[in-house]
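Data first, discussion second: the structure below is written as structure tokens.
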Amino acid sequence: MSTALIWFRRDLRLADNPALRRAAAAHERVVPVYLHTPREEAPWEPGAASRWWLHHSLAELDAALRRRGSRLIVRQGDDSLATLRDLLQETGATAVYWNRLYEPATIARDRAVKAALRADGVTAASSQAALLLEPWTLLKADETPYQVFTPFWKACLQKLAPAPPLPVPMLNGPERWPDSLSLADLRLLPRIPWDDGLAAAWQPGEAGAQARLEQFCATALTDYAQTRDRPGQDGVSRLSPHLHFGELGPGQVWNAVAHAMDGDPLADRGAETYLREIGWREFAHYVLYHWPHTPEHPLQERFAAYPWRSEYADLLRAWQRGRTGYPLVDAGMRQLWRTGWMHNRVRMLVASFLVKNCRIPWQEGARWFWDTLVDADLASNTLGWQWTAGCGTDAAPYFRIFNPMRQGEQFDPDGGYVRRWLPELAKLPASAIHQPWTLSPDERRTMGFIPGWHYPCPVVDFAASRAEALAGYERIRAG
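Using our numbering, the first residue of the sequence shown is number 437, and each one after it goes up by one.
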């Protein structure tokens, strides 16, 4: 009886898992394995919040496998190829199956593993599971990659919709299971407990992903276009960490939306707007694949000469701690610290504030997000920060600078979001919640509110910092 290894990575689900399906169809026995080799992803090893999610997602995957008479074999080390070879010898397996990843380090690793295993006479096969379309299958008429989202997405839509999701296959294990580490051995959870907020906000795992998808389609999908920019409302899907860890695939999302819309997801404005956001995720991976240097360096080379602030440690710390004196910025940063997630509208604002108003290099913000987001995804994180900095794939003919006060008035008009995350401002009226410094002396006395004591004064002057940012842009614009 033939045996295969199914190598789980960031595809931590049993349903709609092409590699798992191929392994079960071609072999009588399947051994599910997870190899913890973070150094192979250097310099972008998983951050603290991602490790927390990974621990719980692996636990859920193992439990789901055990309910089907299987289990997850866990190993760790610095060399996936060597570990796979050990497992092949221990189990007598003759094949390894996995689903593709698209970061530069993992692409290089997987190519080397595939070539080496095939040279050993082992079947080594990879499948598409994380994206709707492979990044190398879509080019412009001149055979160059797209740099603007809208034509990219129009081209994608010509090749969609995805096939129906694959069912969970029958799984038969080996007569003798190889040894496995416990999840505790991986030391993914924090030594000093700080994760209460994450545990309260999330349900990692395939079941949690499916439940969240069903809830979103039933309650928020059709209103998505109207509510997605309101951070104080539950108007977004919050599926990003589930998608990142592969507890849910984009094809499953597309088909669920299509089902909710009676087969035509693009006919409804809310559904079409939401699937467009799935398209942005595709675009992020597409850009990273074609421009693998962008996690560290600007896509637009002229921005390498942008005049960043030379001394910024105190400003960066204030931003990280949610103490900039701009309420909507600080509310977002505290939501991030507490829950490992931030509403996308607020992500754009806090990123703009760091890069434009504080003139701190976007790479500093990208690194902080990488460590604190449960959905920290190299492709999406890079695209988002370069878009906000203005140095990436951006068709805008101007230097975009978000105004924290106007953003608050427009998208959090009653101040509910700010009050939730900044309880020290809970008593302020809506007219002043996004700019507390405008309170009159009488209002301050009545409310017992002392600027600089109960809440920080602004760390930078918005108008002056905006002018400085624009001046810096003018210096490099002709470059």
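The beta carbon of each residue, even a glycine, is placed where N, CA and C say it ideally should be.
Contact check between the region 547–567 and the region 698–705: fewer than three CB pairs, one atom from each, fall below 8 angstroms, which does not count as touching. Fewer than three Cβ pairs drawn from the region 879–898 and the region 906–914 lie within less than 8 angstroms of each other, which leaves the two stretches out of contact. In the DSSP assignment, Leu751 falls outside any beta strand (DSSP E) and lies within the alpha helix (DSSP H) extending over Ala749 to Gln756. Secondary structure at Thr808: helix, using DSSP grouped into helix, strand and coil. The beta carbons of Ala767 and Leu875 sit no closer together than 7 angstroms. Under DSSP, Val510 shares a beta bridge with Tyr470. If you check the CB distance, Gly633 and Arg449 do not come in under 7 angstroms.
Restricting attention to Ser788, Arg759 and Ala577, the CA atom closest to the CA of Glu860 is found in Arg759. Of all C-beta pairs linking the region 561–569 to the region 646–657, fewer than three are shorter than 8 angstroms, placing the two stretches out of contact. Taken in chain order, the unbroken stretches of alpha helix (DSSP H) that lie wholly in the region 691–740 and span 4 residues or more are 705–726. Counting only runs that start and end inside the region 847–871, the alpha helix (DSSP H) elements of at least 4 residues fall at 852–857.
For the 7 angstroms CB-CB criterion, Ala787 and Trp821 form a contact. Per DSSP, the continuous beta strand (DSSP E) segment holding Tyr533 begins and ends at Ala531 to Asn535.
Taking the Cα of Val467 as reference, the smallest distance to any Cα among Pro474, Arg457 and Arg475 is reached at Arg457. The way I'd put it, the region 568–576 does touch the region 713–722; three or more beta-carbon pairs between them come closer than 8 angstroms. Per the Cβ contact rule, the region 598–610 is not in contact with the region 717–735 (fewer than 3 Cβ pairs under 8 angstroms). Contact between Pro728 and Pro540 holds, with the beta-carbon distance rounding to 4 angstroms and staying under 8 angstroms. Put simply, of Val604, Ala900, Leu814 and Glu879 the residue whose alpha carbon is nearest the alpha carbon of Arg504 is Val604. Annotated three-state conformation of Phe652 is helix, per DSSP. Residue state for Ala597 is assigned as coil, using DSSP reduced to three classes.
Excluding its 5 nearest sequence neighbours in each direction, Trp613 has no C-beta neighbour in its own chain below 6 angstroms. Distances from the CA of Arg902 to each of Glu464, Ala478, Ser746 and Pro840 were compared; the closest alpha carbon is that of Pro840.
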